[in-house]
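Position 67 of the sequence shown, counted from 1, bears residue number 67 in my numbering, the numbering being contiguous throughout.
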Amino acid sequence: MKCAVVGGTGWQGAGVAVRIASAGHTAIIGSRIPARAESLAKKLPNLTGLDSELFQFSENAEAAKNAEIVFVTAPMNAHEQIVEHIRGSVKGKIVVDVTAPVDPENQIENLWPVEGSATQQAQRILEGEASVVGALKNIAALALLNYKKESPCDILIVGDDLASKHTVIGLLDEMNLTSYDVGSGEVCRTIEGLTSMLIYLNYAYHLRQPGLKVQEIDPGLDFIPDEDLFNYDS
Ligand SMILES: NC(=O)c1ccc[n+]([C@@H]2O[C@H](COP(=O)([O-])OP(=O)(O)OC[C@H]3O[C@@H](n4cnc5c(N)ncnc54)[C@H](OP(=O)(O)O)[C@@H]3O)[C@@H](O)[C@H]2O)c1
């Protein structure tokens with residue numbers, strides 16, 4: 001399968017492209033300037049040991065046109081523009097929006113769009129064209145690039161179409177990443193807000209690549225019957 005990574009010449013785009021190739025799929029790295037995407041597409045096989053044929057490059061809309069699934073890894077201040085740019089190239093496809101609204105000038109703050117979140121903005125722009133799924137917003141690029149390591153953290157998935165979310169969960173599983181469907185596109189504001197929180201943790205506690213892991217609270221915890229706890233008559 002061919003997957004595009006639109007706005008793919010930054011850290012997160014490189015990480016997503018590597019994970020796509022690690023699953024045996026072709027990553028078409030997109031850029032406004034194809035020479036930039038070409039440069040990255042040529043460096044990633046040497047860096048990762050992955051087959052060079054799995055990395056292609058193209059202008060953003062062209063990359064989206066030639067792919068079955070389209071990832072968007074744009075900075076928030078370019079998100080609306082870039083999603084509008086690929087609108088005519090994603091008919092009937094799944095668009096995986098990786099963008100977090102982190103302010104590039106101050107990464108512990110967010111540039112929230114009026115729609116509520118980056119994913120909801122993409123849903124508005126691509127309504128009737130593509131099915132938008134939000135994913136990979138809380139995982140550091142370095143964790144994606146280290147594709148041989150077991151899923152370092154869990155991926156939270158949001159979107160309004162269950163079948164599209166299941167397709168993305170299956171693709172991420174091929175990429176050695178564990179993911180959970182955590183709700184509709186409306187939930188995405190919560191998920192996207194966690195990214196700046198993780199960056200804050202990084203700064204405040206000098207944590208290297210903090211991430212999220214879904215864990216069951218100890219199932220051995222003692223059960224307290226609510227009729228004992230909330231019986232106010234005795
Ligand atoms: N980096 C991480 O560890 C990480 C982790 C979680 C989430 N994220 C999210 O992932 C997204 C990408 O992060 P990143 O660090 O890879 O971003 P980035 O390096 O700032 O940008 C990625 C690419 O977007 C393109 N771009 C920049 N301004 C543009 C504009 N005005 N119009 C069109 N394209 C433009 C550039 O490609 P060209 O110049 O080649 O066109 C750039 O190389 C962000 O939303 C970020 O919050 C990142």
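We put the beta carbon where it would ideally sit given N, CA and C, even for glycine.
Query, Result
"Which word fits L126, buried or exposed, when buried means at least 16 other C-beta atoms lie within 10 angstroms of its C-beta?", "buried"
"Does the distance from the C-beta atom of V16 to that of V132 stay below 8 Å?", "no"
"Under a three-way DSSP split, which group does K2 fall into?", "strand"
"Counting pairs of beta carbons, one from the stretch 51-64 and one from the stretch 106-116, are three or more of them closer than 8 Å?", "no"
"Let me know the alpha helix (DSSP H) ranges lying completely inside the stretch 130-210, each 4 residues or longer, listed in chain order.", "141-145, 162-174, 188-205"
"Any heavy atom of ligand 1 inside 7 Å of the beta-carbon of P104?", "yes"
"Per DSSP, what kind of secondary structure is S58 in: helix, strand or coil?", "strand"
"So, using beta-carbon positions, are V182 and L162 closer together than 8 Å?", "no"
"Considering just the uninterrupted stretch of the beta strand (DSSP E) at G15, what are its terminal residues?", "Note, G15: premise wrong, no beta strand (DSSP E); alpha helix (DSSP H) at 11-22."
"Mind reading off the beta-carbon distance from A140 to G193? Whole number of angstroms is fine, and I expect it under 8 Å.", "Their Cβ separation, rounded to whole angstroms, is 16 Å, which puts A140 and G193 out of contact at 8 Å."
"Between the Cα of A27 and those of N46, L47, E68, spot the shortest distance and give me the residue it belongs to.", "E68"
"Counting only the same chain and skipping the five closest in sequence on each side, list residues whose C-beta sits under 7 Å from that of L151.", "Note that residue 151 is Ser in the sequence shown, not Leu. Cβ within range, chain order: N176, L177, T178."
"May I have the straight-line CA-CA distance separating G159 from N106, to the nearest angstrom?", "28 Å"
"Compute the distance between the beta-carbons of S58 and N66, then report whether it is under 8 Å.", "yes"
"Between the C-alpha atoms of K93 and L144, what's the straight-line distance to the nearest angstrom?", "23 Å"
"Is Q121 near ligand 1 - that is, is its Cβ less than 7 Å away from at least one heavy atom of it?", "no"
"Looking only at its own chain, which residues have a Cβ that is under 7 Å from the Cβ of D154, when we skip the five neighbours before and after it?", "T178, S179, Y180, L212, K213, V214"
"Secondary structure at Q215, three-state DSSP: helix, strand or coil?", "coil"
"Alpha carbon to alpha carbon, how far is E227 from T167? Give it in angstroms, no decimals.", "44 Å"
"May I ask whether a heavy atom of ligand 1 can be found less than 7 Å away from the beta carbon of S184?", "no"
"Compute every distance between the C-beta of I28 and the non-hydrogen atoms of ligand 1, then say whether any falls below 7 Å.", "no"
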